[in-house]
Amino acid sequence: MSRITRSNARPIQKSKITIRGYEFLNFSNAMTNETFLRPDMYKIINDDEELDKNYFREETCDVPILFLSSKAQLGIQCKEINYKNFQVIEDNCSKNYKCSVIIDNKPGTTEMTLSEVLENMKVEYSKRKHIYNFLSLNYTFTELENVFKCPTFVTELDLAISNWPDVLKIAQIKCDCDNGIFIEKLIPMTWNYCTISAKGSYTDFHIDFGGSNVWISVIFGKKTFWIIPPTDYNIAAFELYLKDSYSKKKFFGFCAADCCKITLIGGQSFFLPAGWIHAVYTEEDTLMIGGNFITSAALETHIKILKSEQRQRAEAAYTYLYFKELMWYTVAATVYDVTGLNYIDYKQFKNIEYVNMCQCESFYQKNEKILSFVKRYLKNENIKNELINGSYFKKNTTNQIAYETIVQRNKINKWTVKEAKGYKSLLEYIKKYNKLMEKNVPIGITNCNKMIQDFERIINFASDDIFKLNIKETNLSIISWNRNLREKADKERKRKIQERKEKNEKF
1 MSRITRSNAR PIQKSKITIR GYEFLNFSNA MTNETFLRPD MYKIINDDEE
51 LDKNYFREET CDVPILFLSS KAQLGIQCKE INYKNFQVIE DNCSKNYKCS
101 VIIDNKPGTT EMTLSEVLEN MKVEYSKRKH IYNFLSLNYT FTELENVFKC
151 PTFVTELDLA ISNWPDVLKI AQIKCDCDNG IFIEKLIPMT WNYCTISAKG
201 SYTDFHIDFG GSNVWISVIF GKKTFWIIPP TDYNIAAFEL YLKDSYSKKK
251 FFGFCAADCC KITLIGGQSF FLPAGWIHAV YTEEDTLMIG GNFITSAALE
301 THIKILKSEQ RQRAEAAYTY LYFKELMWYT VAATVYDVTG LNYIDYKQFK
351 NIEYVNMCQC ESFYQKNEKI LSFVKRYLKN ENIKNELING SYFKKNTTNQ
401 IAYETIVQRN KINKWTVKEA KGYKSLLEYI KKYNKLMEKN VPIGITNCNK
451 MIQDFERIIN FASDDIFKLN IKETNLSIIS WNRNLREKAD KERKRKIQER
501 KEKNEKF
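Position one of the sequence shown corresponds to residue 1 (UniProt numbering), numbered consecutively onward.
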């Protein structure tokens, strides 16, 4: 593979920046190099603009978004309050919450309590012995959701919210919990994370688990991101980078084809599409919230990154929890939506210990507060009554009817081309890795082979008769969707380089 490099581009002269733990990295060049100024690589949504959720269902879902609109407008913050310190975390989270903290940007984490992390953040920067970076305070189903919550486009489009059985979401609250952390998880709880980062924290290039989409919002502070699209070239180069023992001396942004630097300050939010490779540097003490979500439109990329994780043999802790199980539920939901054929046996859920506790009225009275948080992630508004009277477990599996007589074309017509491509990628993955998928069939799913046959018929019908996916087509490029901006950026860059050349020639 030929190496693309632009590290020789002339940087703006500034004082040298050194990152603790990455002392051999020429970070000043990465911070100041004009090559990474790429306004053509992301879209800006201003305060007076509305975001159509179809943006995340079309080809545009591959384009990052910088939101200048308020957090309340996005549905992220309940009240318009400008938080200036970490008091909001102290007021709404257990001080004994166990945190896995990165210290001085070194590999691995150290376990400490949330109160220890916050106490360190209160110390004047010049007097701190260490740099703490706590990336994963999962506040789903906690008091902090009264203050911050995931955007409405996440709850509307995330496949785990849409397709994961609601009974398991409710049963989750009865799982063992230790100071705010669920020891056992029945569901993928990826929607709400809080990040507490000290000035000088750095997270090297990575892809979020499962190639998931990412939403982030800076409450206060300042973070700089370098983002790289998940093209085949970039993913292959990134896999080589991870194997390179000298990677701490290299900045991957100079090796990739197209890298954009963007700085976020308090009040700004950002959408990073599925699979994008990114690094993050914290320029000021920062409180940031965010989360991860899986969408049907991004399934092509999710599957691509899943394959990359398999090649890298990524540890389970760094992958999307229950990804393959979620894909089974997604197939079942898609088949049911299009044909009415039901491949979920609801009686099986009754065998789960925690589910039995959810069938009493007293359970809902005792857990009224936490259930108010869970409610936002439920699709069945009547599930409480169905669990109490037992009708939830009596739903019939109806999968013996001939597929051809019940397919509803109007349901498929609601898909976008991007979603149809995603479902096709999912089908291809299941067929190619059928043995691996068979090991991860979740509770409730029944008659897998027939369900996949019906799913394949739906995809073939959609591909051949509706979306014509087998016909060669021109796709929207994720880095040239706004050519005018790109041309302007290139012209401005060339103009500045020419000015410097002329100035140097004079002297």
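Note that beta-carbon positions come from the ideal geometry of N, C-alpha and C, so glycine has one too.
Pull up the DSSP beta-bridge partners for residue i, would you.
| i | result |
| --- | --- |
| TRP226 | LYS261 and ALA279 |
| MET288 | THR195 and VAL218 |
| LYS435 | In DSSP, LYS435 forms no bridge with anything. |
| THR113 | LYS98 |
| LYS395 | Answer is none; LYS395 lacks a bridge partner. |
| LYS453 | What sits at residue 453 in the sequence shown is Gln, not Lys. DSSP lists no partner for GLN453. |
| ASN213 | PHE293 |
| PHE461 | Its beta-bridge partners do not exist; DSSP assigns none. |
Name the two residues that bound the continuous alpha helix (DSSP H) containing residue i.
| i | result |
| --- | --- |
| CYS99 | Element bounds for CYS99: not the alpha helix (DSSP H) but the beta strand (DSSP E), 98-103. |
| THR152 | 152-157 |
| PHE323 | 323-339 |
| THR203 | Unbroken run through THR203 is the beta strand (DSSP E), 202-206; no alpha helix (DSSP H). |
| VAL407 | Careful: VAL407 lies outside any alpha helix (DSSP H) and carries neither H nor E. |
| ILE303 | 299-312 |
| VAL355 | 353-356 |
| GLN348 | Where GLN348 is concerned, there is no enclosing alpha helix (DSSP H), given that its DSSP letter is neither H nor E. |
| LYS71 | 71-74 |
| TYR364 | 361-366 |
| LEU51 | Unbroken run through LEU51: none, as it is neither H nor E. |
| TYR241 | 232-243 |
With a 10 Å radius around its C-beta and 16 neighbouring C-beta atoms as the bar for buried, classify residue i as buried or exposed.
| i | result |
| --- | --- |
| ASP465 | exposed |
| TYR329 | buried |
| GLU145 | buried |
| LEU476 | Because LEU476 carries a pLDDT of 38, less than 50, the predicted location of this residue cannot be relied on, and no value is offered for it. |
| ASP158 | buried |
| LYS432 | exposed |
| GLU300 | buried |
| GLN77 | buried |
| ASP208 | buried |
| ILE19 | buried |
| SER372 | exposed |
| SER217 | buried |
| ASP91 | exposed |
Of the residues the options, which one's Cα is nearest the Cα of residue i?
| i | options | result |
| --- | --- | --- |
| ALA150 | ASN133, ALA72, TYR132 and LYS95 | Here the sequence assigns Cys to residue 150, which means Ala is not the residue at that position. The option with the nearest alpha carbon to CYS150 is ALA72. |
| LYS79 | TYR97, THR330, VAL147 and SER126 | VAL147 |
| ILE412 | ILE459, PHE153 and ALA198 | ILE459 |
| ASN54 | PHE153, LYS95 and GLY221 | PHE153 |
| TYR193 | HIS206, VAL335, LYS222 and ILE89 | ILE89 |
| ASP40 | ASN26, VAL63, ARG57 and PHE24 | VAL63 |
| SER94 | LYS127, TYR139 and PRO107 | TYR139 |
| ASP47 | GLN348, GLN268, THR398 and LYS129 | GLN268 |
| LEU168 | LYS223, MET327, TYR354 and GLU361 | TYR354 |
| SER136 | LYS122, SER115, LYS199 and CYS99 | CYS99 |
| GLU283 | GLN365, LYS222, ASN29 and SER296 | LYS222 |
| LYS435 | GLY200, CYS448 and TYR423 | CYS448 |
| ASP204 | ASN382, PHE238 and ASN410 | PHE238 |
| GLY422 | MET31, CYS255, ALA297 and THR195 | ALA297 |
| ALA236 | ASN351, ILE305, ARG128 and LYS347 | ILE305 |
Among residues of its own chain, excluding the 5 on either side of residue i, which ones have a beta-carbon nearer than 7 Å to its beta-carbon?
| i | result |
| --- | --- |
| GLU473 | Per-residue confidence for GLU473 stands at a pLDDT of 42, beneath the threshold of 50, marking its modelled position as unreliable; no derived number is given. |
| ASP52 | none |
| ILE44 | LEU66 and LEU68 |
| VAL417 | PHE467 |
| ILE219 | TYR83, GLY266, LEU287, MET288 and ILE289 |
| PHE36 | TRP226, GLY253, CYS259, CYS260 and LYS261 |
| ASP345 | THR397, GLY444 and THR446 |
| VAL214 | ASP208, LEU272, GLY290 and ASN292 |
| ILE370 | PHE141 and ILE173 |
Leaving out five residues before and five after residue i in sequence, what residues of the same chain have Cβ atoms less than 8 Å from its Cβ?
| i | result |
| --- | --- |
| VAL101 | THR109, THR110, GLU111, MET112, VAL117, TYR132, ASN133 and PHE134 |
| LYS379 | ILE161, SER162 and ASP166 |
| MET357 | ALA171, LYS174 and PHE363 |
| LYS250 | LEU25, TYR241 and ASP244 |
| VAL407 | VAL338, THR339, ARG457, ILE458 and PHE461 |
| LEU426 | LEU299, ILE303, MET327, THR330 and VAL331 |
May I ask which residues mark the beginning and end of the beta strand (DSSP E) holding residue i?
| i | result |
| --- | --- |
| residue 509 | This structure leaves residue 509 out entirely; the chain is present only between 1 and 507. |
| LEU135 | 132-138 |
| LEU272 | 269-272 |
| LYS43 | 43-45 |
Output needed for residue i: all residues of its chain with C-beta closer than 6 Å, excluding positions within five of it in sequence on either side, in chain order.
| i | result |
| --- | --- |
| ASN440 | LYS324 and GLU325 |
| ILE387 | According to the sequence displayed, residue 387 carries Leu and not Ile. Closer than 6 Å at the Cβ level, and outside the excluded window around LEU387, lie CYS358 and GLN359. |
| HIS278 | PHE225 and ILE227 |
| HIS130 | ILE103 and ASP104 |
| TYR322 | PRO188 |
| HIS206 | none |
| TYR281 | TYR202 and THR224 |
Please indicate yes or no: does the CB of residue i lie closer than 8 Å to some heavy atom of the ligand FMN?
| i | result |
| --- | --- |
| LEU378 | The model on display carries no ligand, and the ligand FMN is accordingly not part of it. |
Using a Cβ-Cβ cut-off of 9 Å, state whether residue i counts as contacting chain C.
| i | result |
| --- | --- |
| GLU156 | The chain inventory of the structure shown lacks chain C, comprising one protein chain alone. |
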